[in-house]
Amino acid sequence: MEINYMKQLQNCLEELQPNEYIVLHGMKGFGKSSLTASTLKNSKFIRNIFYNEVYWIKFGYKRSVDEDILIQLNRLYHLVKNLEILPDSYKPESLKDSLIHFLQDYFSRAKHCNALLILDDVCDKKIIDTFDFECKTLVITADLDVVLEKRPCVIEMNDGFTEAETLGLFAKVLDTEVEQLPVEAKLINEECKGMPLLIAMFSAQFEEFKHDMKLHSKRWRYYLDSLRNKDEKNQVIKKFLEKQEAIFNMCIDQLPLEMREHYEELVIFREDVNITPQTLEILWGGSPFQVEEMMLDLCHKSLAAKQWNAELRSYIYGVHDLLLCHLRKKFSECELVEMHKSLIEKYRKYCNGNFSKLPADNYSYSYIGYHLEQAKLYDEFPNIYLDFDFIQQAIIHSGLNNLLIDLNNYKKYITKDYDQVYEMRLIDLEKFLEEQSSVIAEHRRKNCLDIVQIALSHPYEGYVKDTATQLAKERSKYLYIFHAKKLRHMDMPLSEEVLTKVHTLCFTCDPNLILIGNGRGEIFLWDIFYKRQKVFTGHDKNCCIKKIIISNEGDCFLSLDDHGVVKLFRLFDDENYKQNNVAVLSPRQKQSFWSGIFTSKVPHDDSSVVFSVPGEIILDMTFAHDSSSVAACTNKGTIRIWDRRGNILSDHGHSPQSNLKNIAFTMGSNLVHVMDEIHGVLISYCKQGEEFKYISQYNVDLQKKKIILFCSVPEQNNSLFIVTEEKAVYVKWFRSHNHIHSYNKQTRASVENEKTVYVCATLTNDGRYIVLADSSGFINIWNTDVGHQPIATYRSRVSSLDTYWLREEECHIICGSENQLLHKWKLPVEGTSTSIRKHLFDAKVQNFGDAPDTIVTETLSNTIITLVDDNKIAETEPINAKINNLILYAEKIIYVTDKGIVNIFNIRSKENIPVLNFTSNVELVEILDMKRDRNNDILVCRGTDNNLKVWENVKLTYLIEDAGYIIAIHKVDKECVVTVTRNGIITIWNINGTNWVRVDIVKNPDSVSIYSCLSYHKSFLTVLNENGDVVLYKLQQNTMSLPAYIKIIEYFRKKYTQKLTCCEISQNEKYLAIGFEDGDISIIDTSTSEEINKLSFHTSSVTQLRWAPSVIEVPILLSVSSDELVWWNIALALYIRKPKWPSIRINRSISTPSVGIKGNITPNMSTSQSIDSCIFNMQNQVEDKDTKSDIDKETKFWKFKEGKNPNKPALLGVVELPSNFFAKVCISTDFTKFVTVDIYGSVSTFTLCGYN
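Residues in the sequence shown are numbered consecutively from 1, following UniProt numbering.
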């Protein structure tokens, strides 16, 4: 038996005292007796602990208990006295008493009280009572209840042999090596669930045919299929089931009638499922505690097993598949159908006919289809599986893949035997779920899944969108957002959810099979087509898989973990692969929090070879180009090369101080290159004979940046591609004899700003394209030969990448992982996808029911077009420069180029005027509506210096020198502006003609300001600083001086540890919203300066905050990140009682920042003032034509909206933001329309459902 069980039993035996008990408890056939025998093989151990006295008494099932007791008493007497068995002439009563009396006296003596009495196969408490001789006693039983009164030390045995033990036994009887066993040997062990008795019986059978089984696999397949089907025509299965049947019947028949009936009801469950108390509560009709007590009794009798599930925070139960097989034989097909019907009716009663309200028990949503089919209730399928509420709950509780497989498996029933109408509905539903899978999975992860809302953004008309629209209109108490999209181009990935968070991935030789490494030392072979998985174990469960590479032949792969261990795993070809994969999903995949109750607790190692360097950590590894050898480099400068069997071929120590983080082969594996990341040096070795010798090194000058990709370039012998967090570098060289020279380094791509880094990268298999994913959530594809600009861009926040070359289809599949999602795109080799650029745009969004919106956006031909109702009304000539900024103001477009030229394009006249010229980039552009004799608008710009350039008209341009490095300008009134500089200086300027006069200045030494916003009535200014300071200033009229001027007074100051991004004050000035880089939003009560709530939902930086107009009397806030738009009702979050127990968040943990408050004056803000929410030069005031009825309509619309998630009551709605470089949204002043433009130039307009 397993070494850990032997050690556990040995420890218990060593500590065992006279009159104490040990119990080995478990199902018959799990090797309890074998374990005991193995543990007691040590004669020294028996002599020292038991003084050479061990008595093993075996009970049976063929006689009555009383008869068996008498026989075994007689046998024990014979063993201790070494005499002939007493003659049968004794009367049983007197014989039994005499035997007991003698044995009690014998074991009570000092020299015998340490003897070990083993009572094997105990099935009745009478046996324990009779053989209570106050010596040391070991009980082997399937029924724990018989000995519980003795308060024994219990060793549970439900998991049997490990894989290694089973394979070792098979190899031994076949007289071969474990490595020579076929894949079926492992599968037989899995099907046996490690049961020693069954494995031993198979081993005996294998030995009879060992010559054939060593040569052919057909007999292995025959035994595997027989085992899977429990085929009694197979002699091993027949004999085993016959042996077990009597035991099972005896155990079941001993149950009280009511308990037996309850137990037989478990026949409806599939093999290996985890059963929770909630499920049993419905099946048996008792309370959770009652059903757990009943299950405990069954577990004590080895008719079931239990285990604690930490994720569910509950016990889970299971019935061994052999017992389920035995139970099914007891019932006819009709009886089984009725039992499944009974469960469905109990479900119906539980959820009052609404199957979307099934219990969240980790079972019901996963198996409701199975029970409906077994109950032959086919008419129920369309009502349940086409119900949006059920679909949503099924995805939440069992996952999208499980639902999609159910929709496919039960297609005949859902479509009412392929009725055309229902078939079209199912096709539309499946298309929606597959195309929106990334959004669905991400919203499930964030605990905000709303299928109706996601369906409203579905781009196709049909059943799904029609149903969602109808449901949204019916559910008026919830906020739903319509999404109208003018499609220019759409490159939507095919996404799917896997069962683990992906840390690294690698295609196999089949594009439908992907290897996935997670953070628990596991590797999954994921089948995209069948949505199945195979798990490879062998790495430590506390490690993370860093890298996986496949051999050229596709027969094996290497994996590297963060403990520095490399393992080689073989990919076996299963002849019946397709047959196995179309079967029903295993419970491990169907149940979100599945745990293997009957599987070995000792993880087996699937690897074939382990590569390691003692005392060092392997940081990178690779196959040779022909996959015949493996190379690795370590943290202490060692470079080692092995053959695939693990034999060392070459060993080289570069330098103990070197930290060699990357390794690659070139020149047909004749050159090996390593990268010393610390020193930025590329070191090369050349193969000379059997050894690799140092030949050269080259300083790549990577500024000590982290390397995320280091690889050879396919089809080229003299090139490497190196990608750091900042740039992608192509390195070429020339080689003559044993010398490398003439290195040439070329930068192919680099990040665009200091806040963005590359997180992962990969080369396509033809070496033509480099794929780079950055921290901003974009994947750019560049040509490896020339890197002017990306040839394609995809939107996804991935953490690992790989590609697959579909030669016949002339395209590459690009696959990236994001949490538990796999995204796939097709990249054509020739005529690559439409070029992508950062579409700058601005919009004037009209109020509900008004004229069409006006949208200005740049085009691929480098012009700027003006769209009204999707019709082009104006377009500039092609602009001979890159456009860095554009603003729509009235009927003019102000745009800035990278040549430092500021232009004004008149939409009506189509006239373009260059108005300002800078010698540097233009970093600030503001339009101010100031008091003027002719034109009230002035244009204020700043380059990279401290001066402002002001343009009023073609004849008047002037310079404001030494104004400071201004980051924001806000208009206070017709003659006054306030500026905020980067170094924290806030200045009030009085403007008189071209004369700008400073009237008040506030300095903040050692501050770096990053953002500011001004209240609508120009009374309050909020400034965010880089150090986490949030400062609210009051702009107060000073009438004590003549002339009167505006003075800046600090109102209060707060400090945060999180990085700040943006802020906004509500129009009634009650609340200040602050956005953070980690996605949190802080809401501050301005009257008390206290933080009243922390809104946590976004997982990326908050880029925009916007309050609804104050006239609606409801504090509605819109927050925007690069991933989504979120609407909040702050009033619903103000008076929430904090939970007694800490809540668990699925998406991420949130650390509340430490907040410091400094108030300079007593808060006394007028609630009658409003705030200017202008961020992107949109309308900055509520239209004058708004009537009281319009306002009442808005108030009524928002006032009665409720949150959909009781755990986040303030969260009203979430909509995915289309792929957008700037996370920018333009908003109507009545807060009813929201417009953005994606990276393809498609315009998206979001409107409020039910607002009319």
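Glycine included, every Cβ here is placed at the ideal spot set by N, Cα and C. Source: prediction; values computed, not measured.
- With a cut-off of 8 Å on Cβ pairs, the region 1079-1091 is not in contact with the region 1042-1050, counting fewer than three such pairs.
- In this chain, the alpha helix (DSSP H) harbouring Glu-264 covers 257-265.
- A check of alpha carbon separations from Cys-976 across Ile-985, His-326, Ile-873, Val-997 identifies Val-997 as the nearest.
- The Cβ-Cβ distance between Lys-546 and Ser-607 does not fall below 9 Å.
- Phe-209 counts as exposed, since fewer than 16 other beta carbons sit within 10 angstroms of its beta carbon.
- Listed in chain order, the non-local C-beta contacts of Val-972 below 8 Å within the same chain comprise Val-978, Ile-988, Leu-1014, Lys-1018, Leu-1035, Ile-1046, local neighbours out to five positions each way being set aside.
- Only residues of its own chain outside the window of five on either side were considered, and among them Ala-874 have a CB closer than 7 Å to the CB of Lys-910, listed in chain order.
- Secondary structure at Tyr-463: helix, using DSSP grouped into helix, strand and coil.
- It is roughly 23 Å from the alpha-carbon of Glu-15 to the alpha-carbon of Asn-158.
- Taking 8 Å as the upper bound for CB-CB distance, Val-1120 and Leu-1217 are in contact here, some 7 Å apart.
- The shortest C-alpha to C-alpha distance from Arg-982 to any of Ser-1122, Val-173, Val-1008, Cys-113 is the one to Val-1008.
- Counted as a single uninterrupted DSSP element, the alpha helix (DSSP H) harbouring Arg-348 occupies residues 333-350.
- Secondary structure note for Tyr-413: its alpha helix (DSSP H) is the uninterrupted segment 411-414.
- Closest option to Ile-722, judged by alpha-carbon separation, among Gly-646, Ser-742, Tyr-685, Gly-680: Gly-680.
- In summary, Leu-867 is buried, with 16 or more beta-carbon neighbours lying within 10 Å of its beta-carbon over all protein chains present.
- At a Cβ-Cβ threshold of 9 Å, Lys-1199 and Phe-1097 do not count as neighbours.
- In this structure the region 248-259 does not lie against the region 336-350, because fewer than three pairs of beta carbons, one per stretch, are closer than 8 Å.
- Fully contained in the region 149-222 are the following alpha helix (DSSP H) runs of length 4 or more, in chain order: 163-174, 183-192, 196-208, 210-213.
- Taken through DSSP and simplified to helix, strand or coil, Ile-1065 comes out as strand.
- Counting only runs that start and end inside the region 476-513, the beta strand (DSSP E) elements of at least 3 residues fall at 481-486, 494-497, 504-507.
- Looking at Cys-811, Val-464, Ile-454, Asp-428, the one whose alpha-carbon comes closest to that of His-483 is Ile-454.
- Note that the region 771-789 does not touch the region 471-481; fewer than 3 beta-carbon pairs, one per stretch, sit closer than 8 Å.
- The region 205-221 makes contact with the region 167-181; the number of CB pairs closer than 8 Å reaches 3 or more.
- DSSP lists no bridge partner for Pro-852.
- Note: Tyr-5 is not bridge-paired with any residue in the DSSP secondary-structure output.
- For Tyr-385, the enclosing alpha helix (DSSP H) starts and ends at 380-385.
- Counting only runs of 3 or more residues that sit fully inside the region 879-923, the beta strand (DSSP E) segments are 883-889, 892-897, 901-906, 912-917, in chain order.
- Linking Arg-219 to Ala-204 through their CA atoms gives a straight-line distance of about 14 Å.
- Among the bridge pairs identified by DSSP, Trp-989 is matched with Val-977, Arg-998.
- Shown here, Lys-971 sits in a strand according to DSSP, grouped into three states.
- The region 678-696 and the region 744-761 do not touch, with fewer than three beta-carbon pairs separated by less than 8 Å.
- Cβ contact annotation for Lys-125 (same chain, cutoff 7 Å, sequence separation greater than five): Val-146, in chain order.
- By the Cβ rule, the region 756-771 counts as touching the region 789-803, because three or more pairs are nearer than 8 Å.
- DSSP places Lys-687 in the uninterrupted beta strand (DSSP E) bounded by 681-688.
- For Lys-590, same chain residues with a beta-carbon under 6 Å away, outside a window of 5 residues either side, are Ser-366, Asn-402 in chain order.
- The region 281-297 and the region 375-389 do not touch, with fewer than three beta-carbon pairs separated by less than 8 Å.
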